[in-house]
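Residue numbers for the sequence shown follow full-length UniProt numbering, so the first one is 1 and each next one is one higher.
Cβ atoms here follow ideal geometry from the backbone N, Cα and C, with glycine treated the same way.
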Amino acid sequence: MATLLKCYKPLLPFQSRKMHIAAAVNSFRYYSRSRLRARCLSTIGNSKSTVDIKVVNGEGTETELRKQQLWLHNTMSKQKELFIPKVPGKVGMYVCGVTAYDLSHIGHARVYVSFDVLYRYLNYLGYEVKYVRNFTDIIARANELGEDPIKLSRRFCEEFHQDMTYLHCLPPSVEPRVSDHMPQIIDMIQQILDNGCAYRINGDVYFSVDKFSEYGTLSGRKLEDNRAGERVAVDTRKKHPADFALWKTAKAGEPFWESPWGPGRPGWHIECSAMSAAYLGYTFDIHGGGMDLVFPHHENEIAQSCAACRESNITYWIHNGFVNIDSQKMSKSLGNFFTIRQVIDLYHPLALRLFLIGTHYRSPINYTIVQIESASDRLFYIYQALYDCQILSTQHDEASLKDSIPAETANCINKFQDEVLSSISDDLHTPVALAAMSDPLKLINDLLHTRKGKKQALRIESIAALENTIRNVLAILGLVPASYAEALHELREKALKRAKLTDDQVHQKIVERDTARKNKEYDRSDVIRKDLAAVGIALMDSTEGTTWRPAFPLALEEEQVTVP
Numbered sequence: 001m002a003t004l005l006k007c008y009k010p011l012l013p014f015q016s017r018k019m020h021i022a023a024a025v026n027s028f029r030y031y032s033r034s035r036l037r038a039r040c041l042s043t044i045g046n047s048k049s050t051v052d053i054k055v056v057n058g059e060g061t062e063t064e065l066r067k068q069q070l071w072l073h074n075t076m077s078k079q080k081e082l083f084i085p086k087v088p089g090k091v092g093m094y095v096c097g098v099t100a101y102d103l104s105h106i107g108h109a110r111v112y113v114s115f116d117v118l119y120r121y122l123n124y125l126g127y128e129v130k131y132v133r134n135f136t137d138i139i140a141r142a143n144e145l146g147e148d149p150i151k152l153s154r155r156f157c158e159e160f161h162q163d164m165t166y167l168h169c170l171p172p173s174v175e176p177r178v179s180d181h182m183p184q185i186i187d188m189i190q191q192i193l194d195n196g197c198a199y200r201i202n203g204d205v206y207f208s209v210d211k212f213s214e215y216g217t218l219s220g221r222k223l224e225d226n227r228a229g230e231r232v233a234v235d236t237r238k239k240h241p242a243d244f245a246l247w248k249t250a251k252a253g254e255p256f257w258e259s260p261w262g263p264g265r266p267g268w269h270i271e272c273s274a275m276s277a278a279y280l281g282y283t284f285d286i287h288g289g290g291m292d293l294v295f296p297h298h299e300n301e302i303a304q305s306c307a308a309c310r311e312s313n314i315t316y317w318i319h320n321g322f323v324n325i326d327s328q329k330m331s332k333s334l335g336n337f338f339t340i341r342q343v344i345d346l347y348h349p350l351a352l353r354l355f356l357i358g359t360h361y362r363s364p365i366n367y368t369i370v371q372i373e374s375a376s377d378r379l380f381y382i383y384q385a386l387y388d389c390q391i392l393s394t395q396h397d398e399a400s401l402k403d404s405i406p407a408e409t410a411n412c413i414n415k416f417q418d419e420v421l422s423s424i425s426d427d428l429h430t431p432v433a434l435a436a437m438s439d440p441l442k443l444i445n446d447l448l449h450t451r452k453g454k455k456q457a458l459r460i461e462s463i464a465a466l467e468n469t470i471r472n473v474l475a476i477l478g479l480v481p482a483s484y485a486e487a488l489h490e491l492r493e494k495a496l497k498r499a500k501l502t503d504d505q506v507h508q509k510i511v512e513r514d515t516a517r518k519n520k521e522y523d524r525s526d527v528i529r530k531d532l533a534a535v536g537i538a539l540m541d542s543t544e545g546t547t548w549r550p551a552f553p554l555a556l557e558e559e560q561v562t563v564p
């Protein structure tokens, strides 16, 4: 890697990972018999919801780009702002990654699912996105665990990647690791020293907050609020209690690197400033992370980046809210700490994702068994409806289908698409987008199962159009499974595990219930149904016999009723 000094340019050219969401949506176009058009999802919008951007190409020719407006809440301004990238058509986004020394928890899941939705939506809108997410792989506590710090970190980086795959989080464009960027970090610290904004003490280097007049702008904190011992280290050698370490002298048993100030390792905050500048430059569009990073991490990032380069500027600072457990802050000390693996051991990973995007990303989210069960139940309902659509569609020759749908279906699709785009464009309001799915799903089930629906003209065309539309929206939200059949099977397996039953045991209960009904032992039949419903197994009677599906546990419903 090149040595990076002063206001250096990014190491890599601006590139984005290829996405196919928009392409899939663009292919959708249906008409009603009265030629009422169900509009392509990527072209919905009027003059109030789109923005015209003029671009001058290399030949000096001016062209116009028309994009859906996107509004994002900027922590810096404390309000929603229209998203306008620094370079038309391109977006640079940096999200602070994990310190890889243990399995990731559901607080991590919320951060990276939230920014995955933003990444997907920016790609859907047609932007080239360069998404950078780092790993902090300098693990001071590795000595306590008796492991090589780099090997320990590498192992948990891979575990993190597996978690992100489970949750359908797309890989970022670049995933830099701190240990690979020591020259860039040292160069930046030296530049800050040369600019008179830091000082040395016995092998340590500290940033002088008094040298940066805008310190506290992001968090709204004043310097006098930063008293020693309160979120800042107690060190009487510092000129100001809020001064923070850029470089720490080596300690016994900890990893270290050589530097102009002696052997040591970087402070936490300088890592992200150096790596974001290395790949995106000092000025880029979006910097994100959890709300807990606003202070001190992101506040300190701003200070040191500006001290290294006066032109440093990040337009949008975006932060997601906290995760609470049963209305209490998640904490190992409280015994309410859940890793992603612990949750997905009992629930489908996409049920966890659905739960996470079911609350607006900036609001606190409360993880409870009731909430995750509700998300799992909803996910099964969605996938079952779409699976039934696919099964019915495969029974008909595609060539025989007409390129039109009834007005009722077209209106439902257009309304759904308008609500999805307007809600996600309004600071990623995913709960509204998810709620908007109710009407098209209800129409699907009417067409599939009701007497009136089965008689409707162009029924198969309507079902195919509705399934295609919902699937395209699920792609934007990161909720499309490898196959509906596989996802339904996995949801059933997880439900059996929670109920502590096997599929054979459930079928045995069904046989016992059928026998009781034949013998007119209806009380016994009702007890079997209710016992299964209590643990989340719902029996479904039809002319073909009795089957079962996962459901919200009746025992939880009864608990909710009894709670005052």
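Boundaries of the alpha helix (DSSP H) in which residue i is found, first to last residue
{"i": "G478", "result": "Looking at the DSSP string, G478 is not in any alpha helix (DSSP H), and its letter there is neither H nor E."}
{"i": "M540", "result": "Taken as a continuous stretch (DSSP letters only), M540 belongs to no alpha helix (DSSP H), being part of the beta strand (DSSP E) at I537 to S542."}
{"i": "M164", "result": "P149 to Y166"}
{"i": "F115", "result": "I106 to Y124"}
{"i": "M188", "result": "M182 to D194"}
{"i": "H449", "result": "S438 to H449"}
{"i": "L218", "result": "Neither: L218 is in no alpha helix (DSSP H) and is coded neither H nor E."}
Boundaries (first-last residue) of the beta strand (DSSP E) holding residue i
{"i": "M330", "result": "Neither: M330 is in no beta strand (DSSP E) and is coded neither H nor E."}
{"i": "P266", "result": "G264 to P266"}
{"i": "R549", "result": "G545 to P550"}
{"i": "I365", "result": "I365 to Y367"}
{"i": "H348", "result": "First-last for H348: undefined, no H or E at that position."}
{"i": "V129", "result": "E128 to R133"}
{"i": "A198", "result": "A198 to I201"}
{"i": "I318", "result": "N313 to N320"}
Pair within 8 Å by beta-carbon distance, residue i and residue j
{"i": "V343", "j": "I106", "result": "yes"}
{"i": "L401", "j": "Q68", "result": "no"}
{"i": "K454", "j": "L346", "result": "no"}
{"i": "D427", "j": "L72", "result": "yes"}
{"i": "P550", "j": "L491", "result": "yes"}
{"i": "S104", "j": "D137", "result": "no"}
{"i": "G203", "j": "T249", "result": "yes"}
{"i": "D285", "j": "M93", "result": "yes"}
{"i": "Y101", "j": "F135", "result": "no"}
{"i": "G478", "j": "D116", "result": "yes"}
{"i": "Y127", "j": "P172", "result": "no"}
{"i": "A436", "j": "S425", "result": "no"}
{"i": "I405", "j": "S462", "result": "yes"}
{"i": "residue 568", "j": "L218", "result": "Nothing in the structure corresponds to residue 568, since the chain is present only between 1 and 564."}
{"i": "H168", "j": "R353", "result": "yes"}
Separation of residue j from residue i, as counted between CA atoms
{"i": "G45", "j": "H287", "result": "Residue placement at G45 cannot be trusted, given a pLDDT of 36 that sits under 50; the coordinates are not used to answer."}
{"i": "L118", "j": "H298", "result": "19 Å"}
{"i": "I189", "j": "A308", "result": "8 Å"}
{"i": "Q456", "j": "T394", "result": "19 Å"}
{"i": "A538", "j": "A375", "result": "16 Å"}
{"i": "C96", "j": "R133", "result": "6 Å"}
{"i": "K130", "j": "Y124", "result": "14 Å"}
{"i": "A351", "j": "K442", "result": "20 Å"}
{"i": "E158", "j": "H181", "result": "19 Å"}
{"i": "S312", "j": "G281", "result": "8 Å"}
{"i": "F207", "j": "G267", "result": "10 Å"}
{"i": "D210", "j": "H240", "result": "8 Å"}
{"i": "R341", "j": "K452", "result": "45 Å"}
{"i": "Y361", "j": "A109", "result": "12 Å"}
{"i": "Q79", "j": "D235", "result": "36 Å"}
{"i": "P364", "j": "M330", "result": "12 Å"}
{"i": "A198", "j": "E214", "result": "16 Å"}
{"i": "residue 581", "j": "L434", "result": "Here the chain has residues from 1 to 564 only, and residue 581 is not among them."}
{"i": "A495", "j": "R120", "result": "30 Å"}
Residue from the options whose Cα sits closest to the Cα of residue i
{"i": "R221", "options": "V178, G89 and M76", "result": "M76"}
{"i": "H429", "options": "R200, D377 and N320", "result": "N320"}
{"i": "L356", "options": "Y112, A407 and V98", "result": "Y112"}
{"i": "F416", "options": "V432, K239 and Y121", "result": "V432"}
{"i": "S305", "options": "N195, C389 and T409", "result": "N195"}
{"i": "L556", "options": "T315, T339, S173 and Q371", "result": "Q371"}
{"i": "Y367", "options": "Q328, I444, K332 and L334", "result": "Q328"}
{"i": "I314", "options": "T339, V91, Q560 and V535", "result": "V91"}
Legend entry - Contact between the segment 275-285 and the segment 179-195 (3+ Cβ pairs under 8 Å): yes
- the segment 311-326 contacting the segment 239-258, beta-carbon criterion three pairs below 8 Å: no
Exercise for the section: Determine, using beta-carbon pairs with one atom in the segment 379-392 and one in the segment 462-481, whether at least three such pairs fall under 8 Å. Expected result: Yes: at least three Cβ pairs fall under 8 Å.
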